[in-house]
Every structure is written in C-alpha cells, then in structure tokens.
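Q: Here it is, the structure in full.
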Amino acid sequence: MAFPLISPFERLGMSGESSNNVETKFWKGFFVPLYIGVYEYMKYNISINFISKVLLVISTLFIIFAPLLNILRINVLKGTIVLFGRYYFINEFYVLWLFLLFILFAFIFVSIVFGRVYCGFVCPQTILSQIFEGLFGFIKKRAGGLSKPAIYAAVLIFMTVLSLFIGFNLIAYFIPPSLVAKHAFLEQNYLTPYIWVIAGFIAFLIIFDMMLLRHKYCIYACPYGFIQFLFNDSRTLRILYRPANNSMCKDCTDCTDSCFMKIDPRKKALQVQCVNCGYCIDSCKERFDSKNKKGKNLFYSFGLDEDKKNKVKNRPFFYKAAIALFLLLASFLIFFFKFSNYHYLNQSIFNINQNYFTRNPKMFGNKYKLIVENGSNETKRLKIKVLSSKLKLHFLTKSKFKIEPHSSLTLYPVLYILKNETKENFKKGPYPLIFQIINSKNTIISEKNTVFFITKIFNNKK
Numbered sequence: 100m101a102f103p104l105i106s107p108f109e110r111l112g113m114s115g116e117s118s119n120n121v122e123t124k125f126w127k128g129f130f131v132p133l134y135i136g137v138y139e140y141m142k143y144n145i146s147i148n149f150i151s152k153v154l155l156v157i158s159t160l161f162i163i164f165a166p167l168l169n170i171l172r173i174n175v176l177k178g179t180i181v182l183f184g185r186y187y188f189i190n191e192f193y194v195l196w197l198f199l200l201f202i203l204f205a206f207i208f209v210s211i212v213f214g215r216v217y218c219g220f221v222c223p224q225t226i227l228s229q230i231f232e233g234l235f236g237f238i239k240k241r242a243g244g245l246s247k248p249a250i251y252a253a254v255l256i257f258m259t260v261l262s263l264f265i266g267f268n269l270i271a272y273f274i275p276p277s278l279v280a281k282h283a284f285l286e287q288n289y290l291t292p293y294i295w296v297i298a299g300f301i302a303f304l305i306i307f308d309m310m311l312l313r314h315k316y317c318i319y320a321c322p323y324g325f326i327q328f329l330f331n332d333s334r335t336l337r338i339l340y341r342p343a344n345n346s347m348c349k350d351c352t353d354c355t356d357s358c359f360m361k362i363d364p365r366k367k368a369l370q371v372q373c374v375n376c377g378y379c380i381d382s383c384k385e386r387f388d389s390k391n392k393k394g395k396n397l398f399y400s401f402g403l404d405e406d407k408k409n410k411v412k413n414r415p416f417f418y419k420a421a422i423a424l425f426l427l428l429a430s431f432l433i434f435f436f437k438f439s440n441y442h443y444l445n446q447s448i449f450n451i452n453q454n455y456f457t458r459n460p461k462m463f464g465n466k467y468k469l470i471v472e473n474g475s476n477e478t479k480r481l482k483i484k485v486l487s488s489k490l491k492l493h494f495l496t497k498s499k500f501k502i503e504p505h506s507s508l509t510l511y512p513v514l515y516i517l518k519n520e521t522k523e524n525f526k527k528g529p530y531p532l533i534f535q536i537i538n539s540k541n542t543i544i545s546e547k548n549t550v551f552f553i554t555k556i557f558n559n560k561k
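Residues 100 to 561 in this note's numbering are what the sequence shown lists, from first letter to last.
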C-alpha cells in the first residue's frame, strides 16, 4: 500500500466542514480529480521512474517528429509556418503567436500548481542527461578490460553522432526537413555550409553541456527554473517527508543518491531545485520493500500538512491558479477559433497605379498588385473575377492563373473602362469593387474589397 488510508480530500485539506466555500469547490472541480488519479495509481505501486521514462520517450519522439510530420515548423526560406499540418503565410503569423501564448500560460499554470514537473518529466535537458548517463553506464559495464580513455572515446563518438542528429533535427524546424537531408548529404548548394556549421555548433554546445554541466545547468542557469521560482507557492506540488517508520531512514541515503539534482528531500524547507521527478519516492519505497515493510516516508503533496488547514494562507495560491487557468482556457479558445477558421487560400490586393492609360482618351485603367497564397497540398487553377455595381470593367491582363502548393504568387492585373461603354458621367474619386478568386467549379474561394480610382472627369458626351 503506497498511501495510508486517508482520503484525497483530507490530504488536500478539504474536509467536509467547508464544502460550500467557493475556493473548496474550485479545488474539488479542477484539482481533486487529478489528485485522485495519482492517489489511485500509487495504490498499485506503479513506479514513478517508469512513468517518467515513458513521458521522456514520448517527449523525445515528439521533438524529433514534430517538424517531420508538419506538426510545428517554420520555413524561413518562404516565410511560412506549418502548424498541425496547416500552412500559414507571413501575414498570418499571429496564429503562431496565439499558439505560443497558449503554451506560455500552460507553463505558468503547471508551474503554479505542479512546480517543476516539466523539468523532471519532459525537459530535453533531462532527456539528454539520462541518455548520456545511461550510455556511459552501459559502456562501462560491458567494456571489460577497456581503459578509461577508450570508454570516454566511445561515449564521445556516440554523443557526437547523436548531437549532430539533434542539430539537423533542430534545423528542420526552420528549413524543410527534405531540404536539410538533401543539401546536407546528397546535393550541395548555398545551404550546405550553413546547415553543417549550425549543426556542428549545436553539437558542440550539447557535448559541452553533457560533459561539464548536465544538471548543474538545471540548478544554476535554467531560465525556466528561475521563472518557476517566481510562481512557487506554499501549496505547489512538492515532495513531502512524512515518516511512516523513522528507523528506515537511519543510515540510509537512497533518496539523496537517486536524486540527480543532489538534494535531500527529507528537509522540510521548500527546495526550489527539486523537479518533482519522484525518483526519491521510488527509492524510498524500494527500501521499505527490501526490508519487508509496508509504506514509505516520502510522498507527493500539495504543500505541507499544516499549510493545508490554513485557509488564509491558501488564498493567494487559489487566486493565482484560478487566474492562470482562466488565461490558459481563454488563450486556447482564441487559438482554436482562429485555427478552425482556416482558409487554404488567401489574397491581398493593392491599387498601385491609378492613371494607367493617361494617353488614351477612350480608356482609363488601374493597375493592382495581387498576392495569392496557397496553403493546400495541391496545385490550384484559379480565375480572378471582379464585381462592380457602377463600372463595366475589363481585364487587360490574363485573369486565369495557376499556383503551386505551399507557395505564394504575385500578379499584376490591370482593369480598365471604355468611354463608349459608360452610361453616365463619372466624377473623380474611388469606386468600390470586389476582387474574387474562383475555382473551376465557379466556387468563390476568396474575395477582397478594393476600389477603382478615376482621377479625371470621365464624360461620355465628349
């Protein structure tokens, strides 16, 4: 049995006497279901270390495959972004900022409620550190009579290859993966030296980090760690020392030995270096099991036991968590609304010349700049159609065009009116019209409002 038989509500300091309190209802509505999940899984003695490794593997696979599967990447060559398979152009970058804003509020909410669990379960630094330490231990166990220099050389070779792979993978977030592979290994062009230099620099930083820093970076230099410290609270998730058997801790350092942040979880004071990885909890449970004892002395807890009963002290945490949750949900809804209103084809129209036929008294024209962006995976054959309630407009240029997938096309259509076709005199000024882009089935794909300027008196009687 991993927990004494105390209900989750009692553990969180929410016994029945204050069930009508708004704060208590908030906790029960949002946090207790998650806590009950942790409480239930602990009853079955599932290793936190195992869960951590599963999440680290999932996180690693996501980082590797996100650009390859078009989940998230930026194409700096074309000025486009790809987000969950949809292509956005530079005038739609706000969608990316909305997504990043949602991620930011998610980090803030998680930091307030769960502390540095990101560091312990999904952080790339933790992933690399565990790979390095596991690799070093694996080679050392199977090295036989190899000398230390040979072992270090083997580790260095593997880490160099792995670091270069990571470098190429990170570059694929900004240059299409197919181009990275093609121009790094198969066909050289102007991108080749940039790819290798950037990948080599990233590899150097990773090797330097793994050889000399590793978790020291987490303790002393991690920006997320410092930011998380600002949001820390007395009720933030932490490792709590609640001894079920004091004798089990005598002459035992299993928990501190298992901690890669090199802290003692038995101290009552909050230790901001703790990443809530839970390795110390597992090692404590294993210590009890080895002595045929039930229980353990270390637990996950949302604050100290005495803090859970102090309603006044809990209010700042409640307010911070509620505000962070509201911002998280609001940012998600805004992002989801914009993301769901996706149009694969966009156009921008600009009137760039309002006196196109100044020497021809029978004609008057305007020239436009039309930028069309195709975010679909198919080549599109489209046509421009112009609507005006007062003017009979003609195209001097072609109205049909073809645009390749994931590309932008700039056209310069010219529209004109004929003197002998006008039914009335037109004064100087702008006349509204609509630019439509239609497909082969005459379905309107996109439309924009613009104007046709007449800069001189256009009289059909003269």
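Backbone N, C-alpha and C fix where the C-beta goes; we use that ideal spot for every residue, glycine too. As the structure is a prediction and not an experimental result, all values here were calculated from the model.
Between Leu176, Ala253, Phe307, Pro166, which lies nearest to phenylalanine 183 when the distance is taken from Cα to Cα?
A: Nearest C-alpha to phenylalanine 183: Pro166.
Q: Helix, strand or coil for tyrosine 251 per DSSP?
A: DSSP places tyrosine 251 in helix when its eight states are reduced to three.
Q: Could you please give the first and the last residue of the uninterrupted alpha helix (DSSP H) stretch that includes isoleucine 291?
A: Contrary to the premise, residue 291 reads as threonine rather than isoleucine in this sequence. Per DSSP, threonine 291 belongs to the alpha helix (DSSP H) from 290 to 307.
Q: Ordered along the chain, which non-local residues of its own chain (more than five positions away) have a Cβ less than 7 Å from that of isoleucine 305?
A: If we look at isoleucine 305 and ignore the five residues flanking it on each side, its Cβ neighbours are Leu227, Ser262, Ile265.
Q: Ends of the alpha helix (DSSP H) at tyrosine 378?
A: Here the alpha helix (DSSP H) through tyrosine 378 covers 378 to 389.
Q: CA-CA distance, glycine 394 and aspartate 381?
A: Distance between the alpha carbons of glycine 394 and aspartate 381 is about 11 Å.
Q: Alpha carbons only, please: which of Leu197, Cys354, Lys547 is nearest the one belonging to isoleucine 470?
A: Of the candidates Leu197, Cys354, Lys547, the one whose C-alpha sits nearest the C-alpha of isoleucine 470 is Lys547.
Q: If you reduce the DSSP assignment to three classes, tell me which class lysine 466 lands in.
A: Correct three-state label for lysine 466: strand.
Q: Taking Cβ positions, are tyrosine 515 and tyrosine 443 nearer each other than 8 Å?
A: Their beta carbons are not under 8 Å apart, which means tyrosine 515 does not touch tyrosine 443 by this criterion.
Q: Based on DSSP bridge pairs, tell me the residues matched to lysine 281.
A: DSSP, once it has assigned bridges, lists no residue as partnering lysine 281.
Q: So the candidates are Leu432, Cys354, Phe425, Gln224; which of them puts its Cα closest to the Cα of leucine 197?
A: The shortest C-alpha separation from leucine 197 is found at Leu432.
Q: May I ask you to report which of helix, strand or coil DSSP gives phenylalanine 434?
A: In this structure, phenylalanine 434 counts as helix in the three-state DSSP scheme.
Q: Let me know the secondary structure DSSP gives serine 507 once reduced to three states.
A: In the structure shown, serine 507 sits in a strand (DSSP, three-state: E or B).
Q: Taking buried to mean at least 16 other C-beta atoms within 10 Å of its own C-beta, is glutamine 327 buried or exposed?
A: Result: buried.
Q: Smallest Cα separation from asparagine 375: which of Ile189, Val212, Leu168?
A: Of the listed residues, the one whose Cα sits closest to asparagine 375 is Val212.
Q: Are leucine 168 and isoleucine 180 closer than 8 Å when you measure CB to CB?
A: No.
Q: Identify every run of the beta strand (DSSP E) within the segment 183 to 270, keeping only runs that are complete inside it and at least 3 residues long; order them along the chain.
A: List check, beta strand (DSSP E) in window: 185 to 188.
Q: Can cysteine 379 and serine 357 be called in contact, C-beta distance under 8 Å?
A: Yes, Cβ-Cβ distance for cysteine 379 and serine 357 is below 8 Å.
Q: Are the beta-carbon atoms of proline 322 and tyrosine 340 separated by less than 8 Å?
A: Taking 8 Å as the Cβ cut-off, proline 322 and tyrosine 340 do not qualify as a contacting pair.
Q: Using the C-alpha atoms, what's the distance from glycine 219 back to serine 117?
A: Confidence is the limiting factor: at serine 117 the pLDDT is only 44, short of 50, which leaves the residue's position unreliable, though a coordinate-based value still follows. Looking at the two C-alpha atoms, the distance is approximately 34 Å.
Q: Can you have a look at lysine 225 and say buried or exposed, based on whether 16 or more other CB atoms are within 10 angstroms of its CB?
A: Checking the sequence, you will find threonine at residue 225 rather than lysine. Flag for threonine 225 reads buried.
Q: Thinking C-beta only, is phenylalanine 416 closer than 8 Å to aspartate 350?
A: Going by C-beta atoms, aspartate 350 is not nearer than 8 Å to phenylalanine 416.
Q: In the DSSP output, which residue or residues are listed as bridge partners for phenylalanine 552?
A: According to DSSP, which records beta bridges pairwise, phenylalanine 552 is partnered with Pro529.
Q: Please confirm whether leucine 336 and glycine 474 have their CB atoms less than 8 Å apart.
A: Contact flag unset, no.
Q: Quick check on the DSSP output: the beta strand (DSSP E) that includes serine 447 runs from which residue to which?
A: Here the beta strand (DSSP E) through serine 447 covers 444 to 452.
Q: Pick out whichever of Lys412, Leu427, Gln372, Lys367 has its Cα sitting closest to the Cα of phenylalanine 398.
A: It is Lys367 whose Cα lies nearest to the Cα of phenylalanine 398.
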